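In the working numbering, the protein residues as written are 433 to 779. Even for Gly, the Cβ is constructed at its ideal location relative to N, Cα and C. In this text the structure is predicted, and so the values were computed from the model without any measurement. Written out below as structure tokens is the structure these notes cover.
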Ligand code: PMV
């Protein structure tokens, strides 16, 4: 039996300008463009191996050693698109094995606890798409592949690239122009660092898709955010990255995290992702910046209470020292088995 195999890894990305709101739920088309920083493969990544053979009788997916259902329409949409592209390649070269007609076996592992409440679906779908694209020997056009990963999980489209990435929302109803593009490679700003504070490893309160639908349908503030705030911030943030202007980048990152959590609170009924510890982190970072007389650290929070803190390497001891000092004194901080403060590289 001939089995064809390919493996790929994809890292987690953390948005500094948040995607929140869908204009098309099944295609995962967003109501605003977003920007993210891709973290290092060493710290938080998914490794996926895709295999195919004429002998396989059904598509199968193992996630962290557990056989998962492949019935989700999102995974199906990704597999369908990849098979379509492979079929096009096969139709132009009759010698190629007809892999597009074979079943797939996909094995996916995270090198971080899935329960840590960190965006695992982004890395998961990005690794799924890139490993199958490699198996099928599809052209390595990451923006093209990002459109497929987007159908799995919106934010996954940004994990196809390392470094600084923009997801351009696009205008078309078929999503052909809603794709990820590189803003700058990692090498552009190697001194930018990130620390993750795992505040809680509980499962998300409100999953992102239902949270977004609730916000789009009920928040008045949301209209202001997507029409007035984000379009200008998108351009400004790209400029701050190109200029390696940490103060501007940090200010925009914190403001956008706050704006995202504000539209969550403005949803009806409201959605709360931040907890008291998250709020303490926000206050502490503002206090630190105030004492320094400039922005040297910036927080951002996704759909959960865990913080990602961005800082420049020159300020590492100040930023991490303060966080350690402060939070190691909190009850329960050291007692859980997850790393509470993880310094991660950016990739
Ligand atoms: O891609 P999803 O459906 O997991 O949504 C991600 C939403 C945020 O993490 C809150 C923001 C973002 O841009 O990643």
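Any non-hydrogen atom of the ligand PMV closer than 7 Å to residue 742 Cβ: Walking along the chain shown from the start, residue 742 turns up at place 310. No, the beta carbon of residue 742 sits no closer than 7 Å to any heavy atom of the ligand PMV.
Contact the segment 585-592 vs the segment 459-472: 3+ CB pairs below 8 Å: yes
Whole runs of the alpha helix (DSSP H) within the segment 549-620, excluding any shorter than 4 residues: 552-567 and 574-584
Nonlocal neighbours in the same chain, by C-beta distance under 8 Å from residue 615, ignoring five residues either side: Here residue 615 is taken as the residue at index 183 of the chain shown, counted from 1. Contacts found: 467, 595, 596, 597, 598, 670, 673 and 674.
Exposure of residue 489, with buried meaning 16 or more beta-carbon neighbours within 10 Å: Locating residue 489 in the chain shown gives position 57, counting from the first residue. With fewer than 16 other Cβ atoms within 10 Å, it is exposed.
Buried or exposed (CB count within 10 angstroms, at least 16 for buried), residue 732: To locate residue 732, count along the chain shown from 1; it is residue 300. Buried, since its Cβ has 16 or more Cβ neighbours within 10 Å.
For residue 686 and residue 769, the rounded distance between their alpha carbons: Here residue 769 is taken as the residue at index 337 of the chain shown, counted from 1. Here residue 686 is taken as the residue at index 254 of the chain shown, counted from 1. Model confidence at residue 769 stands at a pLDDT of 30, short of 50, so the residue's coordinates are unreliable; what they give is reported in the following sentence. Going by the C-alpha atoms only, they are around 29 Å apart.
Proximity of residue 518 and residue 584 at Cβ, strictly below 8 Å: Stepping through the chain shown from its first residue, residue 518 is reached at position 86. Stepping through the chain shown from its first residue, residue 584 is reached at position 152. No, Cβ-Cβ distance for residue 518 and residue 584 is not below 8 Å.
N- and C-terminal bounds of the alpha helix (DSSP H) containing residue 673: Locating residue 673 in the chain shown gives position 241, where the first residue counts as 1. First-last of the alpha helix (DSSP H) with residue 673: 662-674.
Nearest neighbour of residue 463, chosen from 451, 471 and 474 [CA to CA]: The sequence position of residue 463 within the chain shown is 31, counting from 1. Among 451, 471 and 474, the Cα nearest to that of residue 463 is on 451.
Endpoints, the beta strand (DSSP E) within which residue 741 is located: Counting from 1 along the chain shown, the entry for residue 741 is found at position 309. Start and end: 739-744.
Residue 442 beta carbon near the ligand PMV (any heavy atom closer than 7 Å): In the chain shown, residue 442 corresponds to position 10, counting from 1. Flag unset: Cβ of residue 442 not near the ligand PMV.
Any non-hydrogen atom of the ligand PMV closer than 7 Å to residue 451 Cβ: Position 19 of the chain shown, counted from the first residue, corresponds to residue 451. True, at least one ligand heavy atom lies under 7 Å from that Cβ.
Selected residue, minimal CA-CA separation from residue 543, among 656, 553, 726 and 477: Within the chain shown, residue 543 is the residue found at index 111, counting from 1. Looking at the Cα atoms, 477 is the closest of the given residues.
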